[in-house]
Amino acid sequence: MKPPQPIAVFDSGLGGLTVLRALCGRLPHEDYFYFADTRFLPYGDRPESFLKERGVRIAEAIARRGAKALVIACNTATAAAAEAIRAATQLPVVALEPGVKPAAALTRSGTIGVLATTRTLASERFQRLVGNHANHLRVLAQPCPGLAEAIESEGADSPRVAGLLDRYVEPLAAAGADVVVLGCTHYPWVSPAIAARLPAGTQLLDTGAAVARQVERRLAAGGLLGGGHGRLTVTTSGAPERVGPTVDRLWGEHLPVEHWEPHHG
Ligand code: DGL
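So in this note's numbering, the last spot in the sequence shown is 330, and the numbers never skip.
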């Protein structure tokens with residue numbers, strides 16, 4: 066009998082662990098292969114051509130390694146490379162994008178905020194998302210350079226993260242946004258600190274749970290659900306001895322981290 070194949074999940078770093086957490090909650094008996102492309106963090110400041118090439122290389126290497134589906138747990142990689150990745154692999158691919166559509170349905174003030182990377186907000190895909198779902202609203206698209214890296218390197222409670230959040234979140238509060246989209250998978254790690262800078266009652270939207278539901282639907286439709294043992298393999302293109310302690314801090318328990326590099330086939 067063939068060994069069970071994992072669901073592969075990748076991000077530029079450890080933001081995608083917020084998606085992995087939602088997946089483990091919804092589909093606890095699946096096996097997971099998580100890849101943090103730490104060597105190239107942050108994706109948010111990189112050119113689209115680089116992200117396409119890198120995304121395709123990761124998807125191809127993951128398919129060769131063996132996986133039953135691929136989750137792009139990164140808004141930036143989705144914005145730049147989802148189409149190229151889909152064209153390059155036969156695996157079912159689930160990508161995520163900022164929750165502009167649910168935000169448009171929830172807002173009462175007519176003003177929504179979107180926190181995301183510079184690359185995500187500059188993408189055609191994001192322009193299309195706003196055009197399709199929020200054209201009648203005021204959309205405050207706030208790029209957050211440095212935030213994903215600071216969350217990883219200095220910690221969610223660090224003064225550096227606090228300073229960046231003051232800069233990026235307070236303008237949304239001042240402009241009267243009543244719904245704020247967390248358009249980068251790193252930001253749910255600091256959602257209490259984001260909420261603390263917004264008026265009480267402001268809704269924060271994170272897409273992890275919706276992605277987990279979508280993965281379940283795709284696997285069910287392909288007859289691919291189940292067969293795993295709840296095993297988690299966490300890998301990085303960076304140095305495991307440096308990434309490991311950050312994984313443990315964010316995840317809240319010890320997870321072994323291995324080195325993995327998506328080589329050309
Ligand atoms: N976590 C990634 C996202 O969802 C991006 C962080 C980065 O590498 O800039 O967009």
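Using N, Cα and C, we set each Cβ at its ideal position, and we do this for glycine too.
By the CB criterion at 8 Å, V312 and G248 fall outside the cutoff. Look at H328 here: in three-state DSSP terms it is coil, with no helix or strand label.
For V280, no beta strand (DSSP E) run applies; the uninterrupted alpha helix (DSSP H) run containing it begins and ends at G273 to A286, by DSSP. For D110, there is no enclosing beta strand (DSSP E), as DSSP marks it with neither H nor E. About 7 Å separates the beta carbon of R111 from that of R184, a gap short enough to meet the 8 Å contact definition. In the displayed model, L171 falls within a helix according to three-state DSSP.
Relative to the Cα of V308, the nearest Cα in the group A240, I259 and F100 belongs to F100. Judged by beta-carbon spacing, A87 lies within the 8 Å limit of A274, meaning their Cβ atoms are closer than that value.
Q192 sits in a helix when the DSSP states are folded into three classes. Of all alpha-carbon atoms in G78, P69 and Q70, the one lying nearest the alpha-carbon of V322 is that of G78.
Between T182 and P93, the alpha-carbon positions lie close to 30 Å from each other.
The Cβ atoms of A213 and P107 sit closer than 8 Å to each other.
Assignment of L92 by DSSP, reduced to helix, strand and coil, places it in the coil class. Distance between H294 and A265, taken at the CA atoms: about 41 Å.
The segment 215–226 and the segment 188–197 do not touch, with fewer than three beta-carbon pairs separated by less than 8 Å. For the options E113, N140, P157 and T141, the alpha carbon positioned closest to that of A124 is the one of P157. Of the candidates L135, F98 and E118, L135 places its Cα closest to the Cα of Q279. Shown here for R104: same chain residues with a beta carbon closer than 7 Å to its own, the five before and five after excluded, namely S302 and G303 in chain order. With a cutoff of 7 Å, G273 does not count as near the ligand DGL, since its C-beta is closer than that to no heavy atom of the ligand. The Cβ atoms of V159 and I177 lie no closer than 8 Å to each other. Assignment of A187 by DSSP, reduced to helix, strand and coil, places it in the helix class. Of the heavy atoms belonging to the ligand DGL, none sits nearer than 7 Å to the Cβ of Y99. Among the bridge pairs identified by DSSP, G178 is matched with L205 and V245. The continuous beta strand (DSSP E) containing L297 extends over residues L297 to T301.
Remark: the C-beta of C89 is outside contact range of the ligand DGL, defined as less than 7 Å to any heavy atom.
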